[in-house]
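Below is one structure, written out as structure tokens, with a few remarks after it.
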Amino acid sequence: MKRIAAIVVLAFAAAHANAGLFSDDDARKQIQDLQTQVSAQEQRIQLLEAGNKRMLDLVNQIEQLKQDLATLRGQNETLQYNLDEATKRQKDLYVDLDTRVRNIEQAKAQAAQQQQASVQQTLDAAVSLAKNGKNKEAVSALTQFIQANPDSDQTPVANYWLGVSQTNLKNYKAAQSAYAAVLEDAPDSQIAPDALYGRAVAANASGDKKSARAYLLQLLEKYPSSDKAAIAKKALLTTN
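With mature numbering (1 follows the signal peptide of the UniProt record, and there is no 0) applied, the sequence shown covers -19 to -1, 1 to 221.
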């Protein structure tokens, strides 16, 4: 701007110096032309300065955007890392939980097998007493087994041998109760025909021929294919 002003001053001075060579109209015209050129230059300078300012602002905006983008990328990398770590921890937790559940299930299965084996051993020992004629001991052992394992699938077997031992001890009422428990809890089991035959034997031994015959007829009707059915047919002849 100072340079342009200096040019105008020089031009004006030159115009006055040469005033004698030009008319006033020519001098005014030259001054106006110079002023017009100066104005045009000033406008160009202002446009350039405005353009430069806009360009500088644009450059600053671009740099800011670059910084923002770099920040977002950093945040994204951090979030991705945290997500990967969380996913890994979740996977590790799932594997650990699955392993623990498997171990618990295996422990439960082993405990159930051990319990079942223990129950079977206890029953076998009690039945062995009954088979060897140790009826009092068998009654005690079988009664304890039934009380300790009321829901076991081996309880009907225990009740059957309890009925056998009670019959041998001539406790016919107790024997009838034990045999009846077998028929009530396991009417479709393989031991059911034996229990029904046992009821007939106990009834006959107690002198109740009528009930004994009824039990034998019931045996033939309900379990005609059982081993005890053939025996029941022969026994019917002795209960008349």
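Glycine is no exception: its CB is placed at the ideal position from the N, C-alpha and C atoms.
{"Check": "Contact under 8 Å by Cβ, A183 with T148", "Outcome": "yes"}
{"Check": "Assigned exposure category for A106 - 16 Cβ within 10 Å defines buried", "Outcome": "exposed"}
{"Check": "Cβ contact check for the segment 102 to 120 and the segment 78 to 85: 3 or more pairs under 8 Å", "Outcome": "no"}
{"Check": "Where I(-13) falls: helix, strand or coil (DSSP)", "Outcome": "Residue confidence for I(-13) is low, a pLDDT of 47 falling below 50, so the modelled location carries little weight; the figure read from the coordinates is stated next. It is helical."}
{"Check": "Three-state secondary structure assigned by DSSP to D169", "Outcome": "coil"}
{"Check": "Whole-angstrom C-beta distance between A210 and V201, which should lie under 8 Å", "Outcome": "For the sequence presented, residue 201 should be read as Leu rather than Val. Indeed they touch by this definition, with Cβ atoms about 6 Å apart."}
{"Check": "Alpha-carbon spacing of L2 relative to N41, whole angstroms", "Outcome": "Caution applies to L2, whose pLDDT of 49 falls short of 50 and renders its modelled position unreliable; the value that the coordinates give is listed next. Between L2 and N41, the C-alpha separation is close to 55 Å."}
{"Check": "Segments assigned alpha helix (DSSP H), at least 4 residues, entirely inside the segment 125 to 170", "Outcome": "136 to 149, 153 to 166"}
{"Check": "For K214 and residue 223, the rounded distance between their alpha carbons", "Outcome": "Given a span of -19 to 221 for the chain in the structure shown, any question on residue 223 remains unanswerable."}
{"Check": "Beta-carbon spacing of L164, V138 below 8 Å", "Outcome": "no"}
{"Check": "Three-state secondary structure assigned by DSSP to G179", "Outcome": "helix"}
{"Check": "Cβ-heavy atom distance, V100 to the ligand SAM, below 7 Å", "Outcome": "The ligand SAM is not part of this structure, which contains no ligands at all."}
{"Check": "is_contact[K154, chain D] using C-beta, thresh 8 Å", "Outcome": "Considering every chain present, this structure includes no chain D. It has just one protein chain."}
{"Check": "Buried versus exposed, by CB contacts within 10 Å (16 or more), A175", "Outcome": "Sequence check: residue 175 is Asp here, not Ala. Buried: at least 16 other Cβ atoms inside 10 Å."}
{"Check": "Under 8 Å between C-beta atoms of R180 and Q157", "Outcome": "yes"}
{"Check": "Collapsed DSSP secondary structure at S206 in the structure displayed", "Outcome": "coil"}
{"Check": "Cβ-Cβ separation, N113 to I127 (assumed contact under 8 Å), whole Å", "Outcome": "The Cβ separation is near 20 Å, so there is no contact."}
{"Check": "Within 8 Å, strictly: CB atoms of A129 and Y153", "Outcome": "no"}
{"Check": "Burial state of Y160 (16 or more Cβ within 10 Å)", "Outcome": "buried"}
{"Check": "Straight-line gap, L53 to D38 (C-alpha atoms, nearest Å)", "Outcome": "22 Å"}
{"Check": "8 Å CB neighbourhood of L150 in its chain, flanking five on each side removed", "Outcome": "N116, K117, V120"}
{"Check": "DSSP-derived helix/strand/coil call for N113", "Outcome": "coil"}
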